[in-house]
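Novice:
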Amino acid sequence: MPSANTGVTDRPRVLVTRRIPEAGLRLVLAQTEADLWQDELPPPREELLRRVAGVDGLLSLLTDRVDDELLDAAGPQLKVVSNFAVGFDNIDVPACTRRGIPVGNTPGVLTETTADLAFALLMAVARRLPEAYDYVRADRWQTWGPLLLLGRDINGATLGIVGFGRIGREMAKRARGFGMRVLYYDVHPATSEEEAALGAESVAMDELLAESDFVSLHTNLSPETHHLLDAAAFARMKPGAVVVNTSRGPVIDHDALHDALKSGHLFGAGLDVTDPEPLRADHPLVTLPNCLVVPHIASASEATRDRMAEMAAANLLAGLRGERLPTPVDPSVYERDTPS
Ligand code: DGY
Numbered sequence: 001m002p003s004a005n006t007g008v009t010d011r012p013r014v015l016v017t018r019r020i021p022e023a024g025l026r027l028v029l030a031q032t033e034a035d036l037w038q039d040e041l042p043p044p045r046e047e048l049l050r051r052v053a054g055v056d057g058l059l060s061l062l063t064d065r066v067d068d069e070l071l072d073a074a075g076p077q078l079k080v081v082s083n084f085a086v087g088f089d090n091i092d093v094p095a096c097t098r099r100g101i102p103v104g105n106t107p108g109v110l111t112e113t114t115a116d117l118a119f120a121l122l123m124a125v126a127r128r129l130p131e132a133y134d135y136v137r138a139d140r141w142q143t144w145g146p147l148l149l150l151g152r153d154i155n156g157a158t159l160g161i162v163g164f165g166r167i168g169r170e171m172a173k174r175a176r177g178f179g180m181r182v183l184y185y186d187v188h189p190a191t192s193e194e195e196a197a198l199g200a201e202s203v204a205m206d207e208l209l210a211e212s213d214f215v216s217l218h219t220n221l222s223p224e225t226h227h228l229l230d231a232a233a234f235a236r237m238k239p240g241a242v243v244v245n246t247s248r249g250p251v252i253d254h255d256a257l258h259d260a261l262k263s264g265h266l267f268g269a270g271l272d273v274t275d276p277e278p279l280r281a282d283h284p285l286v287t288l289p290n291c292l293v294v295p296h297i298a299s300a301s302e303a304t305r306d307r308m309a310e311m312a313a314a315n316l317l318a319g320l321r322g323e324r325l326p327t328p329v330d331p332s333v334y335e336r337d338t339p340s
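The sequence shown: position 188 = 188 (this note's numbering), numbered continuously.
1) At the level of alpha carbons, what is the spacing between Val244 and Ala172?
2) Which one or two residues does DSSP pair with Phe88 in a beta bridge?
3) Check whether the Cβ of Leu217 sits closer than 8 Å to any heavy atom of ligand 1, and report yes or no.
4) Would Val14 pass as a contact of Leu228 if the rule is Cβ separation under 9 Å?
5) Under the three-state reduction of DSSP, which class applies to Asn315: helix, strand or coil?
6) Let me know the secondary structure DSSP gives Ala298 once reduced to three states.
7) List in chain order: all unbroken alpha helix (DSSP H) runs of 4+ residues lying wholly within the stretch 90 to 146.
8) Tyr184 bridges to which residues according to DSSP?
9) Going by Cα to Cα distance, which pick from Asp56, Gly168 and Val333 is closest to Leu117?
10) For Arg307 and Leu159, I'd like the C-alpha separation in whole angstroms.
11) Quick one: what does DSSP say Leu217 is sitting in, helix, strand or coil?
12) What residues are listed by DSSP as bridge partners for Ala34?
13) Could you tell me if the beta carbon of Val103 falls within a distance shorter than 8 Å of some heavy atom in ligand 1?
14) Between the Cα of Pro251 and those of Lys238, Ser216 and Ala260, spot the shortest distance and give me the residue it belongs to.
15) Along the beta strand (DSSP E) that carries Val242, what are the first and last residues, could you check?
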């Protein structure tokens, strides 16, 4: 695989594990000796471990596992890991912090774009757009039909938002515009002023599941949220409810989701993220007419990906200069005196 810069210089050495938008890439290429992985697919693990050896900085993607093995392979000179994503479940952050290596992510810049896609999935599933599209393309459209492709109303329905951080709150704003009642569950509830401004009510998880016509996931992936929606959770949901996931795939037990969709207990699901990724076309979920799966594109607008690239570059370059990252995942890394 060709590298972008090959001459020997005294600039810091970095590994960039995929081509990111020019808005950020050009900043990195201008100031570093960058090894840019050019392939469309992520570097295989062995290649990643080989290329990371001796670098001062790593610009990683959510498809790259950054753990002790990789940090050992990189070596003690590694100064910074900058993840091109707001999520960082691909990174063992405590392992980085133990070694005094700050990790950066890209919060804030993809909030609205991600909520837009979550709402688009909600609407598409509620109104059966994939089925309607297939119907026309299959030349099955004969006439206007009183019973043709009946969906669920969005207006007047109840939306349950799981995880009321930046993206969850943007989802609440969109829901209000559509005349929905908004419930949310978060271990750290919003203030009553924030709730009033967003028109959202904090409830227990069980109540959210029982009351919501639509459940949208906006939580981090952690041991606590792994399979948060499992068979028991689906059983507690209203018959005919819709699930939307733009967080991380493993937050849903996919076998249980398949059963709940297949039996008709759930009306449908819209998934931007899956477990594993990618899902192949013959995966049972992909073959269901009431399951809309898209390939992890929630932040995929041109402007947002540019901003993510700029932010990832800013974190990387700050770390290389020994400065505090603009958006460190774990600020406690700066409270340590020396790496152990
Ligand atoms: C993220 O940033 O974590 C998304 O999943 C991809 O934009």
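For each residue, glycine too, the CB sits at the ideal point set by N, CA and C. All values derive from a computational prediction rather than experimental measurement.
Specialist: Taking the structure as given:
1) 14 Å
2) Phe88 is not bridged to any residue.
3) no
4) no
5) helix
6) coil
7) 93 to 98, 111 to 126 and 129 to 137
8) Ile161 and Ser202
9) Gly168
10) 29 Å
11) strand
12) Val14
13) no
14) The question names Pro, yet the displayed sequence has Val at residue 251. When each option's Cα is compared against that of Val251, the closest is Ser216.
15) Ala241 to Asn245
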